[in-house]
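Undergrad:
Numbering (my numbering), first residue to last: 1 to 623.
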């Protein structure tokens, strides 16, 4: 199927299912344009600007040691020696491992701040406290408000929307993480009524209907602003990430606030899709169920995600330097990071143009490079042949750039600005003998060894919410992004916990124990009252709607209930006739004829909408 037709069909189905509230339930694609040659190259791991359309140093079918290539090499050698008077010139031929490279000065590492955790509260010790550093309570309150407004306008939530509270949202997040710890074949299996073959925990937290209702109506932006933004679609003023932008910006900010990277860093690609893909070709398959790419700057030492951004389509790619160049420059801010960093990149980003620009910022880099990339040496003299034996290497230096070709199980091309060609490094490899396999020390270039030591241990998202996404398959693109942002927050919280406990010379929790404890704290089902807890139903909103996740929710100016005599808070009708004179409730967006005598605020006081008691309970909790 044509990608364009697939996108159009998806838009038509979305429009048909949400005619009354197009600006609320639309399923716009952030990066849905894949009909151009440039976009096709990007989806295949190529940069349209930096990659040459053809590369004719030699083809796979042609042996580099053929008679034609030998004559070419001889002519190249003659031209090189004649132009330099017979002296050896490494820039005109590939060198072997026994030839000496120049000595390089090691980078002077001067970060802006001390690497590691920073600005952490002294009493921050529990998993929930670490999680709320990156996913703060005020952000959850705003999500609750936006979800309640969105829920009242949706037509597929039943006859009447039941307002959710902060406790409901925390319990929902806890159950989403729980589905990743205990895997079932379907979502309904977690609420299956069987004394032997079903988990009992989810039913103690909330009902299945309440859980699914929250999952289908999660919303993260102001619906009025969504409507205004939707009217600008097709213009330069349209914000494609509008429905996730407040949460997206806040998570990026908190990730950089509480941690500073160590010297070795890397940039990797991730996918936010309904069904996570962990295979090696996950990033290159364009039919990824409307998945969205994220580019993340990660610390190689501990795996902490320090910064990231969502790819919004080909319009954000530079026409002069390329998307790979712009991606690295967007994530590397030397004013925030410092200088002397060692950046490890994969072959999509590596280019001589980028590496020279990074040296101007005093940032060093290395990574595998594609021979088709502009700036890669096209010299054939003494180049690594196609049928060269394993563990053979060639290198060539171009000023500050070192290019290395190494024959492992496959041929690898590397580029670096801070490595020496060969420093005597070896690795153990099993070699087949007459009877048994034996371990043999074989040489390996320093750039290859250093790259795999740093990048090989860094994994993208661990897909903490992956099991839930497989079972639920969110229909809205911004909900898919939300679960990936939740993954980043949970994983970063665990890394902060590890680093802080190590600094205090204490034993850290295992990752599984950390997640289990976080689930119990989010659902308020600790070990003491777990067996006594009753199921949690959908309750009333805990906080008023906030127009932005970064805007604090104002607290009441009245003194806390604990400082007043018991029973002094009494409900009172605003006017004798309850059908007139209504005022908007302090908690929910509906109007009420009742107010609190002491607090002087209007509050709903009905069996199904008891904002009165909820308001005063919150005041005691916050005080």
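No residue lacks a Cβ here, since even glycine has one placed at the ideal position from N, Cα and C.
Considering only their Cβ atoms, is the gap separating residue 591 from residue 585 smaller than 9 angstroms?
TA: Yes, the pair counts as a contact, with Cβ atoms nearer than the cut-off.
Undergrad: What do you get for residue 399, buried or exposed, if any count of 16 or more other CB atoms within 10 angstroms of its CB means buried?
TA: The residue is exposed, with fewer than 16 neighbouring Cβ atoms inside 10 Å.
Undergrad: Compute the distance between the beta-carbons of residue 429 and residue 407, then report whether it is under 9 angstroms.
TA: Cβ distance not < 9 angstroms, so residue 429 and residue 407 don't count as in contact.
Undergrad: How long is the line joining the alpha carbons of residue 615 and residue 160, rounded to whole angstroms?
TA: Taking the straight line joining both Cα atoms gives about 22 angstroms.
Undergrad: For the alpha helix (DSSP H) containing residue 516, name the first residue and the last one.
TA: Where residue 516 is concerned, the enclosing alpha helix (DSSP H) stretches over 511-522.
Undergrad: Who are the Cβ neighbours of residue 438 in its own chain at under 6 angstroms, not counting the five residues just before and after it?
TA: The residues are 431.
Undergrad: Considering just the uninterrupted stretch of the beta strand (DSSP E) at residue 342, what are its terminal residues?
TA: Run containing residue 342: 342-344, per the beta strand (DSSP E) assignment.
Undergrad: Where residue 267 and residue 305 are concerned, what is the direct C-alpha to C-alpha distance, given to the nearest angstrom?
TA: If you take the alpha carbons of residue 267 and residue 305, they lie about 10 angstroms apart.
Undergrad: Please report the straight-line C-alpha distance between residue 271 and residue 190, rounded to a whole angstrom.
TA: Distance between the alpha carbons of residue 271 and residue 190: 27 angstroms.
Undergrad: Can you tell me which residues form a DSSP beta bridge with residue 591?
TA: 584.
Undergrad: Between the beta-carbon of residue 51 and the beta-carbon of residue 374, is there less than 9 angstroms?
TA: Yes; because the gap between Cβ atoms is below 9 angstroms, this pair is in contact.
Undergrad: Rounded to the nearest angstrom, what separates residue 380 and residue 356 at their Cα positions?
TA: Cα to Cα, the separation comes out at about 24 angstroms.
Undergrad: Distance check for residue 323 and residue 334, CA to CA, integer angstroms please.
TA: Cα to Cα, residue 334 sits roughly 19 angstroms from residue 323.
Undergrad: My parser needs the beta strand (DSSP E) runs of 3 or more residues fully inside the stretch 384-436; what are they?
TA: Listed in chain order, the complete beta strand (DSSP E) runs (minimum 3 residues) inside the stretch 384-436 are 393-398, 401-407, 411-416, 426-432.
Undergrad: Cβ atoms of residue 152 and residue 589: under 9 angstroms apart, would you say?
TA: Result yes, Cβ atoms of residue 589 and residue 152 sit closer than 9 angstroms.
Undergrad: Per DSSP, which residues does residue 292 bridge with? Please list them.
TA: According to DSSP, which records beta bridges pairwise, residue 292 is partnered with 272.
Undergrad: Three or more beta-carbon pairs under 8 angstroms between the stretch 475-493 and the stretch 365-373, yes or no?
TA: At 8 angstroms Cβ cutoff, the stretches do not touch.
Undergrad: Below 7 angstroms CB to CB, which residues in the same chain sit around residue 217 once its five sequence neighbours on both sides are set aside?
TA: 147, 150, 151, 154, 157.
Undergrad: Relative to the C-alpha of residue 105, which residue among 340, 487, 239 is closest?
TA: Measuring from the Cα of residue 105, the nearest candidate turns out to be 340.
Undergrad: Can you list, in chain order, the residues of its chain whose CB lies under 7 angstroms from that of residue 499, leaving out five sequence neighbours each side?
TA: These residues qualify, in order along the chain: 116, 117, 302.
Undergrad: Let me know the secondary structure DSSP gives residue 116 once reduced to three states.
TA: Residue 116 falls in the strand class under three-state DSSP.
Undergrad: Can you tell me which of 362, 383, 199, 140 puts its alpha carbon nearest to the alpha carbon of residue 172?
TA: The option with the nearest alpha carbon to residue 172 is 140.
Undergrad: Which residues in the same chain have their Cβ closer than 7 angstroms to the Cβ of residue 495, if we skip the five residues on either side of it in sequence?
TA: Around residue 495: 302, 303, 304.
Undergrad: Can you give the Cα-Cα distance for residue 501 and residue 124, rounded to whole angstroms?
TA: Approximately 11 angstroms between the Cα atoms of the pair.
Undergrad: Check each candidate in 520, 102, 405 and name the one with the smallest Cα separation from residue 126.
TA: Of 520, 102, 405, the residue nearest in Cα terms is 520.
Undergrad: Roughly how many angstroms lie between the CA atoms of residue 395 and residue 350, to the nearest whole one?
TA: Their Cα atoms are separated by approximately 17 angstroms.
Undergrad: Please classify residue 573 as buried or exposed, where buried requires at least 16 other C-beta atoms within 10 Å of its C-beta.
TA: That one is exposed.
Undergrad: Let's test the definition: count the other Cβ atoms within 10 Å of the Cβ of residue 205 and tell me whether it reaches 16, buried, or not, exposed.
TA: It is buried - the Cβ of residue 205 has at least 16 other Cβ atoms within 10 Å.
Undergrad: To which residues of the same chain is residue 307 closer than 8 angstroms at the C-beta, ignoring the five residues directly before and after it?
TA: Same-chain partners within the cutoff: 252, 255, 256, 296, 297, 331.
Undergrad: In or out: residue 229 buried (at least 16 other Cβ within 10 Å) or exposed?
TA: It counts as buried.
Undergrad: Would you say residue 94 and residue 387 are within 9 angstroms of each other, going by their C-beta atoms?
TA: Not in contact: residue 94 and residue 387 (Cβ atoms no closer than 9 angstroms).
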